[in-house]
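With the UniProt record's numbering, the residue at position 486 of the sequence shown is 486, and numbering never jumps.
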Amino acid sequence: MLDRTKDISVAAQAWLDEFAGALGNPEPAAALDLLFLPDSFWRDVLALSWNLQTLAGRRAIAQALAALASRAAPTHFEIAPNRAPPRWVTRAGTSNIEAIFNFETALGRGSGILRLVPDSTDGDRLKAWTLLTALDELKGFEEQLGTSRPRGQAYSRDFRGPNWLDQRNTSRDYADRDPAVLVVGGGQAGLAIAARLKQLKVDTLIVDREARIGDNWRKRYHALTLHNQVQVNHLPYMPFPANWPVYIPKDKLANWFEAYVDAMELNFWTGTEFEDGAYDEAKGRWTVTLRRADGDKRTMHPRHVVMATGVSGIANVPDIPTLDNFRGTLVHSSRYEDGENWTGKRAIVIGTGNSGHDIAQDLYSSGAEVTLVQRSPTLVTNIEPSAQLAYATYNEGTLEDNDLIATSMPTPLAKKTHVMLTEQSKELDRVLLDGLSRVGFKLDFGEAGTGWQFKYLTRGGGYYFNVGCSNLIAEGAIKLRQFSDIESFVAEGVRMKDGTTIPADLIVLSTGYKPQEYLVRKLFGDGVADRVGPVWGLAKASSCATCMRARSSPACGSSPAASPSAGSTRNISRSRSRPSRKGFWGVRWIQGNTHVIPGRA
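As structure tokens, this is what we get:
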């Protein structure tokens, strides 16, 4: 039944039938073991395990599936009729049959990705190379979409009753109630999570310290535009219009956020600072303090708190010896606004990540004399086509299919894919990279050559998408120095070890941001921070550490980069509630990031 066949749809459905039968077998582990390759992977997103996890090796997979299936009761495995049909594709260098399927569990409905490869050691029988099972919805909590959309008010005998606007104002004011979920941060992730929870009829409030929705983009420097393309930045339910530019300008995106909040009927408090929070174990709720724009404080008691504050929270200002000697203007990149005030002046930018390069280019374009100081090797790749290779699948098919495909790739295979993409981009960028090397720029291509995306997933930076600054460096228009060659900072600038002095009116520290756990500790105290642990990086289960999962601190979750500062989330594909003794919210997150690019409007 599972022999290699020309009819791949039949082959994929046959495997699913065998899989369903094995799950119901009196000895499920042994039956399941026969269906997987020795080096196979199973990735589960809340469907069977109520967790984000990846298992490797058919023995471990078979044992885990056998144990979980008795509780989750997965059934009705079938090729998804309204999605991309089964097809031969190449993933991580391996040719395979890729099929999207649907299934049910005792509590919900899900979708998944199956990849079949002929087993050369077993007569070329088709066996699973990778399997994804992902929860889409809980039974009884389906989203109100299409024919299930809300009816609205078609008939009323009382024309003086509260209309839609009255109801919205009451909902947004929280005069006599607390939200069930408090989302801290009103960028992409915060908006997406709130929109999903709204569909589940979960009372959710977003708070953001900016004065206007979208100001986390709107208030950034003049020429800023997204670094990645429009098709990987959509928000749930309301995709960008088909005539929008490939690279979205910051103000256009900011205005869209504002329109999105209104259209999705999201409760959003601007000008509101989250000051602190403490969890009451006995009552199963938080006590949080919010400070409004007028200075008034409001205490709330949400059951859940989602930190959607981004990877760019607290500025990292390293203790650099002798820096206090400098008598000019010293700012961290997070405080940098615009280069127009520095025309004809001399500037030193320390740090060669995206922010450092963009600020150096902005200053140069404004007529400043700029020196860029490199602290450590940096990955550089051209914005097109090299940096976009990672998103190639998004140029075909539907967003839903592509998100599922992206989610389905286990980290070891994703790393293999990105090694291949990095080698391809190095060849595409050869002229640029050679030019940078000639002027002494130290290049890096990620751990084991895995490229920029794994630099982002493991450390949140360390790379630059070239939109012109690298060319200016290679040409000598922007000067380059190594931090290791600095002897000391002096009143007028920097003294180098060769005895020369680089004068400066401005020094910008593009030195990144502290890990997100610093913000957790600041807002919630040591007890919660110690229980939450490190945020970001790759956990043992090959998922983002601490992000989008139940925490050991009850009812506290984290969502990376909801305030879209340098490096933030691409999109959230689903967020789902689940039953829990401690009331956690399970959130499914498609890993990715949003970058920014100057001057591409």
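Note that the Cβ used here is the ideal one computed from N, Cα and C, for glycine as well.
Since we're looking at a predicted model, the values are computed, not measured.
Contact belief for Phe36 with Pro74 at Cβ below 8 Å, rounded distance in angstroms: Taking the sequence shown and counting its residues from 1, one reaches residue 36 at position 36. Taking the sequence shown and counting its residues from 1, one reaches residue 74 at position 74. With a Cβ gap of about 16 Å, Phe36 and Pro74 do not count as contacting.
Return the CA-CA distance between Leu372 and Asn354, expressed in angstroms with no decimal places. Reading the sequence shown from its first residue, position 372 is the one you call residue 372. Reading the sequence shown from its first residue, position 354 is the one you call residue 354. Near 12 Å, if we compare the C-alpha coordinates of Asn354 and Leu372.
Go through its chain and collect everything with a Cβ distance to Gln482's Cβ below 6 Å, but skip five positions before and after it. As a working mapping, residue 482 is identified with position 482 in the sequence shown. Same-chain partners within the cutoff: Gln374.
Length of the line joining the Cα atoms of Gly508 and Asn325: Along the sequence shown, read from residue 1 onward, the residue named residue 508 stands at position 508. Along the sequence shown, read from residue 1 onward, the residue named residue 325 stands at position 325. Residue identity check: residue 508 is Val in the sequence provided, not Gly. Their backbone Cα atoms lie some 15 Å apart in a straight line.
Output the boundary residues of the beta strand (DSSP E) element that contains Met420. The sequence position of residue 420 within the sequence shown is 420, counting from 1. Per DSSP, Met420 belongs to no beta strand (DSSP E); it is in the alpha helix (DSSP H), Thr411 to Leu428.
According to DSSP, simplified to helix, strand and coil, what is Val10? As a first step, residue 10 must be located in the sequence shown, where it is residue number 10. If DSSP states are grouped into helix, strand and coil, Val10 belongs with the helices.
Chain D beta carbons: is any one of them nearer than 7 Å to that of Phe524? Among the chains in the structure shown there is no chain D, since it carries only a single protein chain.
Between the CA atoms of His234 and Asn571 - distance to the nearest angstrom: As a working mapping, residue 571 is identified with position 571 in the sequence shown. As a working mapping, residue 234 is identified with position 234 in the sequence shown. Interpretation of Asn571 is limited by its pLDDT of 29, a score under 50 that renders its predicted location unreliable; the figure taken from the coordinates is listed afterwards. Roughly 6 Å separates the two Cα atoms.
6 Å CB neighbourhood of Ala254 in its chain, flanking five on each side removed: Here residue 254 refers to the residue found at position 254 of the sequence shown. Excluding positions up to five away in sequence, the list reads Gly214, Trp217 and Arg218.
What is the rounded straight-line gap between the Cα of His418 and the Cα of Ile383? The count along the sequence shown starts at 1 and reaches residue 418 at position 418. The count along the sequence shown starts at 1 and reaches residue 383 at position 383. His418 and Ile383: Cα-Cα distance of roughly 16 Å.
Are the beta-carbon atoms of Thr272 and Val207 separated by less than 7 Å? Within the sequence shown, the letter at position 272 stands for residue 272. Within the sequence shown, the letter at position 207 stands for residue 207. It is a contact, given that the beta carbons lie within the stated cut-off.
The beta strand (DSSP E) spanning His304 covers which residue range? Walking along the sequence shown from the start, residue 304 turns up at place 304. That run of the beta strand (DSSP E) goes His304 to Met307.
Are the CB atoms of Phe101 and Ala80 nearer to each other than 7 Å? Looking up residue 101 in the sequence shown gives position 101. Looking up residue 80 in the sequence shown gives position 80. Yes. Within cutoff.
Counting only runs that start and end within the region 441 to 466, where is the beta strand (DSSP E) found for 3 or more residues in a row? 463 to 466
Under a three-way DSSP split, which group does Phe77 fall into? Within the sequence shown, numbered from 1, the residue matching residue 77 stands at position 77. The answer is strand: DSSP assigns Phe77 an E or B state.
Can you tell me the Cα-Cα spacing of Asp173 and Asp166, whole angstroms? Along the sequence shown, one-based indexing puts residue 173 at 173. Along the sequence shown, one-based indexing puts residue 166 at 166. Computed Cα separation, rounded: 11 Å.
Cβ neighbours of Ser552 in the same chain (closer than 6 Å, five flanking residues each side left out): As a first step, residue 552 must be located in the sequence shown, where it is residue number 552. For Ser552, the pLDDT reaches just 48, beneath the cut-off of 50, and the residue's location in the model is therefore unreliable, although a value from the coordinates is still provided. Contacts found: Arg531.
Which residue or residues does DSSP assign as beta-bridge partners of Asn382? In the sequence shown, the residue the question calls residue 382 occupies position 382. Note: Asn382 sits in a beta bridge opposite Asn466.
So is Phe159 buried or exposed if we call it buried at 16+ other beta carbons inside 10 Å? As a working note, residue 159 is residue 159 in the sequence shown. Exposed, by the Cβ-count rule.
What does the alpha-carbon distance come out to for the pair Val311 and Leu421? Here residue 311 refers to the residue found at position 311 of the sequence shown. Here residue 421 refers to the residue found at position 421 of the sequence shown. Roughly 25 Å between the two C-alpha positions.
For Ala99 and Glu18, the rounded distance between their alpha carbons: Start at 1 with the first residue of the sequence shown, and residue 18 comes out as number 18. Start at 1 with the first residue of the sequence shown, and residue 99 comes out as number 99. Each residue's Cα considered, the two are about 15 Å apart.
Nearest CA to the CA of Gly186: which residue from Ala66, Leu46, Leu145 and Ala308? For this step, residue 186 is matched to residue 186 along the sequence shown. Comparing Cα-Cα distances from Gly186 to each of Ala66, Leu46, Leu145 and Ala308, the minimum goes to Ala308.
Neighbourhood of Arg285 by C-beta, 7 Å cutoff - its chain only, sequence neighbours within 5 removed: In the sequence shown, the residue the question calls residue 285 occupies position 285. Only His301, Pro302 and Arg303 meet the Cβ criterion.
Is Leu363 helix, strand or coil when you go by DSSP? Within the sequence shown, the letter at position 363 stands for residue 363. Of the three classes helix, strand and coil, the one that applies to Leu363 here is helix, per DSSP.
Check each candidate in Ala67, Ser120 and Asp401 and name the one with the smallest Cα separation from Pro86. Working through the sequence shown from its first residue, we reach residue 86 at position 86. Of Ala67, Ser120 and Asp401, the residue nearest in Cα terms is Asp401.
Is the beta carbon of Ala347 less than 7 Å from the beta carbon of Val317? What you label residue 347 is simply residue 347 of the sequence shown in a count that begins at 1. What you label residue 317 is simply residue 317 of the sequence shown in a count that begins at 1. No, the Cβ-Cβ distance between Ala347 and Val317 is not below 7 Å.
CA-CA distance, Ser95 and Val117? Residue mapping note: residue 95 aligns to position 95 of the sequence shown, counting from 1. Residue mapping note: residue 117 aligns to position 117 of the sequence shown, counting from 1. About 7 Å.
Completely contained beta strand (DSSP E) runs for the region 34 to 104, where each covers 3 or more residues: 36 to 45, 52 to 56, 75 to 79, 87 to 91 and 94 to 104
Just checking, does the region 39 to 54 make contact with the region 405 to 417 on the three C-beta pairs under 8 Å criterion? yes
C-beta contact flag for Lys455 and Tyr463 at 7 Å: To locate residue 455, count along the sequence shown from 1; it is residue 455. To locate residue 463, count along the sequence shown from 1; it is residue 463. Cβ atoms of Lys455 and Tyr463: closer than 7 Å.
Could you check the C-alpha separation between Ser70 and Glu142 for me, to the nearest Å? Along the sequence shown, read from residue 1 onward, the residue named residue 70 stands at position 70. Along the sequence shown, read from residue 1 onward, the residue named residue 142 stands at position 142. Rounded to whole angstroms, Ser70 to Glu142 spans 24 Å at the Cα level.
In its own chain, which residues sit with a C-beta less than 7 Å from the C-beta of Gly397, not counting the 5 before and 5 after it? Here residue 397 is taken as the residue at index 397 of the sequence shown, counted from 1. So the qualifying residues of the chain are Ala84.
Give a yes or no on whether the C-beta atoms belonging to Gly112 and Leu132 are separated by under 7 Å. Residue numbering aside, residue 112 sits at position 112 when the sequence shown is read from its first letter. Residue numbering aside, residue 132 sits at position 132 when the sequence shown is read from its first letter. Yes, Cβ-Cβ distance for Gly112 and Leu132 is below 7 Å.
Just how far apart, CA to CA, sit Arg335 and Gln153? Within the sequence shown, the letter at position 335 stands for residue 335. Within the sequence shown, the letter at position 153 stands for residue 153. Each residue's Cα considered, the two are about 48 Å apart.
Buried or exposed for Trp88, going by 16 or more other Cβ atoms inside 10 Å? The sequence position of residue 88 within the sequence shown is 88, counting from 1. Trp88 should be labelled exposed.
Quick check on this structure: which residue in Ser510, Lys283 and Asn267 has the alpha carbon closest to the alpha carbon of Arg168? Start at 1 with the first residue of the sequence shown, and residue 168 comes out as number 168. Ranking Ser510, Lys283 and Asn267 by Cα distance to Arg168 puts Asn267 first.
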